[in-house]
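Colleague: All residue numbers for the sequence shown refer to the UniProt record's numbering, where the first residue is 1 and numbers rise by one. The beta-carbon is built from N, C-alpha and C at its ideal position, and this holds for glycine as well. Please read all numbers here as calculations on a predicted model, not as lab measurements.
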Amino acid sequence: MRKLLGSHLLPVTRHTYIFYNNYALTKGFGTRRDWNSRSRSTGQKIRIVYVCNKEGKKTVKDRGDHKIPRRRETRTGCMTKMEIVLSKDGGWKVAKFNNVHNHPITPRKVMIHCSHKQFHQSTTCKPLITDFHQAGLRPSLISRALNAVIGNQGVDVTQKQCSNYLLVGRKKM
Numbered sequence: 001m002r003k004l005l006g007s008h009l010l011p012v013t014r015h016t017y018i019f020y021n022n023y024a025l026t027k028g029f030g031t032r033r034d035w036n037s038r039s040r041s042t043g044q045k046i047r048i049v050y051v052c053n054k055e056g057k058k059t060v061k062d063r064g065d066h067k068i069p070r071r072r073e074t075r076t077g078c079m080t081k082m083e084i085v086l087s088k089d090g091g092w093k094v095a096k097f098n099n100v101h102n103h104p105i106t107p108r109k110v111m112i113h114c115s116h117k118q119f120h121q122s123t124t125c126k127p128l129i130t131d132f133h134q135a136g137l138r139p140s141l142i143s144r145a146l147n148a149v150i151g152n153q154g155v156d157v158t159q160k161q162c163s164n165y166l167l168v169g170r171k172k173m
């Protein structure tokens, strides 16, 4: 990965995310997109930063009454990141790369991370979920049907993912 510094990567930002996510999958950590910069004149993305999912710290709001228990803290301040910039010829280059984790990485449990559950990238599942729902199937049956149809393509659709997708669709209406 170090040899990619300054070299051209892939032409589309989606491919750069997939590339970094696949790298993280082999090493045993999850990823997320941290931030991006846009050109003031054109509005085009010119810089994107992908980080470990344990990067940073959660901002803690001081609430006087703690009636609802807080979720467990998952961020550890990890400094692992890959920063890509748009070059003058239109390709993306790796500008900065840091691979120092301050937490144990877990290659055997890597599929637990949200970035490696491929449902959010799937273009075939989402229309099928909508069609099955309009036919009157519940999310549990939809997930079973999709997993039977799709088979072993690395996409394992859960009942919760179906419910969340349908909920987002209802909110947009």
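Between the stretch 35 to 48 and the stretch 64 to 81, can you find at least three pairs of beta-carbon atoms closer than 8 Å?
Modeller: Counting Cβ pairs under 8 Å, fewer than three are found: no touch.
Colleague: When you compare only the Cα positions, how much space is there between residue 174 and TYR17?
Modeller: In this structure the chain extends from 1 to 173, so residue 174 is not present and cannot be described.
Colleague: Identify which residue in ARG138, VAL51, LYS88 and THR59 has its Cα closest to the Cα of LEU167.
Modeller: The residue with the shortest Cα to Cα distance from LEU167 is ARG138.
Colleague: Between the alpha carbons of SER163 and PHE97, how many angstroms are there, rounded?
Modeller: Their backbone Cα atoms lie some 37 Å apart in a straight line.
Colleague: Tell me the DSSP bridge mates of MET82?
Modeller: MET82 is bridged to TYR50 and PHE97.
Colleague: If you measure between the beta carbons of ALA95 and VAL85, is that distance less than 7 Å?
Modeller: Yes; because the gap between Cβ atoms is below 7 Å, this pair is in contact.
Colleague: From SER41, CYS78 and GLN159, pick the residue whose C-alpha is nearest to that of GLY56; which is it?
Modeller: Comparing Cα-Cα distances from GLY56 to each of SER41, CYS78 and GLN159, the minimum goes to CYS78.
Colleague: Identify the residues that DSSP records as bridge partners of LYS45: which are they?
Modeller: DSSP lists ARG38 as partners of LYS45.
Colleague: Are ILE48 and SER39 touching if we call contact CB-CB under 7 Å?
Modeller: Not closer than 7 Å, so no.
Colleague: Where does THR26 sit, in a helix, a strand or coil, going by DSSP?
Modeller: In this structure, THR26 counts as helix in the three-state DSSP scheme.
Colleague: Pick out whichever of THR130, VAL157, LEU141 and GLY30 has its Cα sitting closest to the Cα of THR74.
Modeller: When only C-alpha atoms are compared, the closest one is GLY30.
Colleague: So what does ARG32 bridge to, in DSSP terms?
Modeller: In DSSP, ARG32 forms a bridge with VAL51.
Colleague: Does the distance from the CB of SER140 to the CB of THR158 come in under 7 Å?
Modeller: Not in contact: SER140 and THR158 (Cβ atoms no closer than 7 Å).
Colleague: Determine the contact status of HIS103 and THR76, defining contact as a CB-CB distance below 7 Å.
Modeller: The answer is yes: Cβ separation under 7 Å.
Colleague: Please report the distance separating the alpha-carbon of residue 177 from that of LYS126.
Modeller: Given a span of 1 to 173 for the chain in the structure shown, any question on residue 177 remains unanswerable.
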